[in-house]
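Notes to accompany the following structure.
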Amino acid sequence: MALNLTRSLCGRAISHQMNAMRSPMSPLVRAVSLKLVPPPAHEQLPYEEKNAFLKREMSPHLTIYSPQLTSMLSISHRFTGMALTGYAAALGVGALVLPYDFGAFITMVEGLHLSAPTLALLKFCIAYPAAFHTCNGVRHLCWDMGKFLKLKEVYSTGYLMLGVSFALAVLLTAL
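In our numbering, the protein residues as written are 567 to 741.
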């Protein structure tokens with residue numbers, strides 16, 4: 567009775583399998599012989615050495631990414647932040663530790679007799695990280711408010727920020 571119910575519900579597939587299991591030499595069963603094979607030499611190496619042997623890059627690797635404006639501005643924002651932190655730390659520690667006041671350092675720089683273009687370049691190298699970081703920080707604040715988040719706007723604000731930060735750095739250099 568149960569076999570008839572199974573045949574009627576599940577069709578012939580299960581009944582064929584049940585009949586195949588009853589016979590001693592079923593066509594669904596085949597003999598398989600296994601042979602022990604040692605793994606290749608590179609599979610026994612530690613993970614890093616195996617990847618070096620197979621000439622695989624470490625993942626993720628910077629060479630698989632093409633430089634884009636957004637990624638370059640992001641890493642530049644971080645670098646300028648670190649540079650500004652270094653400036654502030656050096657000025658703060660210098661003011662506490664060194665025996666001279668700030669006027670003495672200005673006199674020392676004047677005593678170097680630097681040419682006007684060299685002095686302007688040094689001033690620009692100090693002013694540009696501050697201008698860039700400030701302008702890019704304003705851009706990030708706009709993003710935090712939900713503004714300029716479309717891809718075209720992200721790129722246009724990036725180019726605008728570069729222009730404004732360069733102009734601001736030139737203005738600070740001229741002071």
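From the three backbone atoms N, C-alpha and C, an ideal C-beta is built for every residue, glycine too.
Does DSSP put His-706 in a helix, a strand or coil?
-> Look at His-706 here: in three-state DSSP terms it is helix.
Best match in Tyr-725, Val-730, Asp-710, Thr-673 for proximity to Ala-697 [C-alpha to C-alpha] = Considering only alpha carbons, the answer is Val-730.
Assigned exposure category for Tyr-694 - 16 Cβ within 10 Å defines buried | Buried, because 16 or more other Cβ atoms sit within 10 Å of the Cβ of Tyr-694.
Please determine if the segment 633-645 and the segment 714-733 are in contact, where contact requires at least 3 C-beta pairs separated by less than 8 Å.
-> Three or more Cβ pairs drawn from the segment 633-645 and the segment 714-733 lie within less than 8 Å of each other, which places the two stretches in contact.
Would DSSP call Met-624 helix, strand or coil?
-> In the three-state reduction of the DSSP assignment, Met-624 falls in the coil class.
Taking one C-beta from the segment 650-669 and one from the segment 608-615 each time, how about it: are there three or more such pairs within less than 8 Å?
-> With the cut-off at 8 Å, the segment 650-669 and the segment 608-615 do not touch.
Return the chain-ordered ranges of every alpha helix (DSSP H) run that is complete within the segment 637-700 and spans a minimum of 4 residues.
-> If we require 4 residues or more, the alpha helix (DSSP H) runs fully inside the segment 637-700 come out as 668-677.
Nearest-angstrom Cα separation, counted from Ile-630 out to Ser-640 = Distance between the alpha carbons of Ser-640 and Ile-630: 18 Å.
When DSSP labels each residue in this structure, what does Ser-722 get in the three-state scheme?
-> Three-state DSSP puts Ser-722 in a helix.
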